[in-house]
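Chemist: First residue of the sequence shown: 12, per my numbering; consecutive thereafter.
Cβ atoms here follow ideal geometry from the backbone N, Cα and C, with glycine treated the same way.
Structure incoming, see below.
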Amino acid sequence: MRLRAAMATAVASAGILLAGWQSGAHVADTGTATTTSLSSSATAGGTGTAGGTGTSSGSTTGGSTTAATYDGAAVQTRFGTVQVQVTIQGGKITEVTALQLTDAERKSAQISSRAAPVLRSEVLQAQSASVQTVGGATVTSDAYLTSLQAALDAAHF
């Protein structure tokens, strides 16, 4: 009887470890996107690629400073791709726009559409990508913040 219980426990533990490993591998993949996206190359079209690409846009009027827009890395998740664009003006983050959000399933699209405004607000308030993830939208939040950090790195912010 003890042998059967020990075997059941071992199999359950192995299943939990496997699930955690797969989840950790996914997080490691999104972390790699941040590391490899530190190079910034300006593109005329403003199209995002796997690396952060910086595109400057805006104009100088009177005494105001020019706003620069940077696209973050396109981060792949199991629910779809997430990509963020950031606008920096006068040394401050003035706008964060989600170019792509997870949309592999209807539920993930709903979660993303609720999480994006919360993340945007938190980022604008904190003026960095160092904000808490949104509960119930961990995958989207992690990808959003990874893409945002790539854009901020491209901007040397």
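1) In whole angstroms, what separates the C-alpha of Gln132 from that of Gly101?
2) How long is the line joining the alpha carbons of Val97 and Leu159, rounded to whole angstroms?
3) According to the Cβ coordinates, are Phe90 and Ala126 closer than 8 angstroms?
4) What did DSSP end up calling Thr98 once you bin it into helix, strand or coil?
5) Sorted by chain position, which residues of the same chain lie with C-beta nearer than 7 angstroms to Ala140's C-beta, five sequence neighbours on each side aside?
6) Tell me whether the beta-carbon of Ala178 lies closer than 8 angstroms to the beta-carbon of Ser123.
7) Kindly list the residues whose CB is nearer than 7 angstroms to the CB of Val129, restricted to its own chain and excluding five residues on each side of it in sequence; keep chain order.
8) Between the Cα of Gly93 and those of Val150, His167 and Val142, spot the shortest distance and give me the residue it belongs to.
Modeler: Short version:
1) The question names Gln, but residue 132 is Ser in the sequence shown. Distance between Ser132 and Gly101, taken at the CA atoms: about 19 angstroms.
2) Going from the Cα of Val97 to the Cα of Leu159 covers about 7 angstroms.
3) Cβ distance not < 8 angstroms, so Phe90 and Ala126 don't count as in contact.
4) Secondary structure at Thr98: strand, using DSSP grouped into helix, strand and coil.
5) Non-local beta-carbon contacts of Ala140 in its own chain, meaning distances under 7 angstroms to residues more than five positions away in sequence, involve Val134, Leu156, Leu159, Gln160 and Leu163 in chain order.
6) With the chain represented from 12 up to 168, any question about residue 178 goes unanswered, as that position is not in the structure.
7) Within the same chain, Val129 has close Cβ partners Val145.
8) The question names Gly, yet the displayed sequence has Val at residue 93. Among Val150, His167 and Val142, the Cα nearest to that of Val93 is on Val150.
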